[in-house]
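Here is the structure we will look at.
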Amino acid sequence: MSSIKTQIHNVIEHKKVRCFRNFRESEIVESVASEVRVALIYNGISHTVMMASPADLEYFAIGFTLSERIVEKPADIKSIELEPNDKGVLIYIEITNRCFMALKDQRRNMAGRTGCGLCGVAQLEHAVKPTIRVNNNKRFNINLLQNVLSQLPKVQTMFNITGATHAAMSLSESGEITSSYEDIGRHIALDKLIGSYSKNGQITPAAILLTSRASFEMVQKSASANIEIIFAISAATSLAIELADKSNITLVGFCRNNRATIYTHSHRITSENLNKLTAIELEKKMAY
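Residue numbers (this note's numbering): 15 to 302.
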């Protein structure tokens, strides 16, 4: 895969605003998260436009292409080129002819937005892809989760400054955050994470942590990337739980304040005392 020509890193802007605090008005300079239009163009044909943070866009392109099953493996991506302009960023992606012909057969008009990875899908049936069952090799000790959560302030640089971004992180079996990617869109943050370890030839992480809710498209993308364990700081939706169960994914929500709720395939979550507890029992045991 050839290297890109341009990298974009201007992820924070500064705006002069009026501010009211403690019943007093002042004028301050506020740091805000940058948001740009990103167009993905496959073999010269425009496919979708997303709103994203203008950083790690090569990883986003790789991750999106894999998680949306436009290609089967990173080697199917021949090149990626970024072209910024005054309206946003164009990403030109060359994929193999076989993958491009398959894409043309199922091509649809998608218009992505910050909060939803499925916005603009023309046909409802296109939103749900065939179920992929992930492997069953990973395990994670729930007692390490609180240590992972304590590391969040160190890796959420954009959020610490702007309060406007989500993060997707890869976790090691020892409870360390091995990589972290932020974006205004939670699904784009996950695509960046998937793209990073896919491009660099790294093995699938022991687990991932999402600073958002676990929704349907987040589970679907994870299944495409053979991710076995998903931790989410917020709740899981009903469709996410159903898909995780069918996909053999361990889905854990409400991961905060010494709490965790295991929705599916709890056998991957280990602990000397907790490995046989149900989701409700585990939540009661871990709650303050």
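Positions of the beta carbon are idealized from the N, C-alpha and C atoms, including for glycine.
Verify whether the separation of the beta carbon atoms of residue i and residue j is less than 8 Å.
i, j, result
"ALA246", "SER226", "yes"
"ARG200", "LEU224", "yes"
"ALA66", "LYS152", "no"
"ILE191", "GLN165", "yes"
"TYR195", "ALA203", "yes"
"ILE255", "THR218", "no"
"LEU104", "ALA182", "no"
"ILE241", "VAL148", "yes"
"LYS206", "TYR73", "yes"
"VAL25", "PRO68", "yes"
"THR176", "ALA258", "no"
"ALA237", "ILE276", "no"
"ILE208", "SER81", "yes"
"LEU253", "PHE230", "yes"
"ILE84", "ILE109", "yes"
"SER285", "ILE91", "no"
"GLY102", "ARG38", "no"
"GLN160", "ASN272", "yes"
Tell me which residue opens and which closes the beta strand (DSSP E) that residue i is part of.
i, result
"LEU54", "50-56"
"ALA221", "221-224"
"PHE34", "26-35"
"ARG38", "38-47"
Could you spell out the range, first to last residue, of the alpha helix (DSSP H) harbouring residue i?
i, result
"LEU71", "71-81"
"PHE114", "111-120"
"SER252", "252-260"
"THR278", "Note, THR278: premise wrong, no alpha helix (DSSP H); beta strand (DSSP E) at 273-278."
"ARG200", "200-213"
"ILE175", "171-176"
Per the DSSP calculation, residue i is bridged to which residue(s)?
i, result
"PRO68", "DSSP output for PRO68 lists no bridge partner at all."
"LEU104", "ALA53 and GLU97"
"LEU163", "The partner list for LEU163 (beta bridge, DSSP) is empty, contrary to what the question assumes."
"TYR195", "ALA182"
"GLU187", "Note: GLU187 sits in no beta bridge, so no partner."
"ALA228", "ALA250"
"VAL155", "Note on identity: in this sequence residue 155 is Asn, with Val being the wrong assignment. In DSSP, ASN155 forms a bridge with THR284."
"VAL266", "PHE245 and ILE276"
"ILE91", "ILE109"
Buried or exposed: where does residue i fall if 16 or more other Cβ atoms within 10 Å of its Cβ makes it buried?
i, result
"CYS33", "exposed"
"THR179", "buried"
"VAL43", "exposed"
"PRO167", "exposed"
"ILE59", "exposed"
"LYS235", "buried"
"ASN123", "Caution applies to ASN123, whose pLDDT of 43 falls short of 50 and renders its modelled position unreliable; the value that the coordinates give is listed next. That one is exposed."
"ALA89", "exposed"
"MET115", "exposed"
"ASP70", "buried"
"SER40", "exposed"
"ARG282", "buried"
"HIS28", "exposed"
"ARG127", "Unreliable positioning characterises ARG127 in this predicted model, as indicated by a pLDDT of 42, which lies under 50. A coordinate reading is not provided."
"GLY129", "Note on GLY129: pLDDT 47, under 50, position unreliable in the model; the coordinate value appears next. Counting Cβ neighbours within 10 Å, GLY129 comes out exposed, since fewer than 16 surround it."
"THR62", "buried"
"SER188", "exposed"
"ASP100", "exposed"
"ASP119", "exposed"
"SER93", "exposed"
"THR79", "buried"
Using a Cβ-Cβ distance cut-off of 8 Å, determine whether residue i contacts chain B.
i, result
"ILE146", "The chain labelled as chain B is not found in the depicted structure, where only one protein chain is given."
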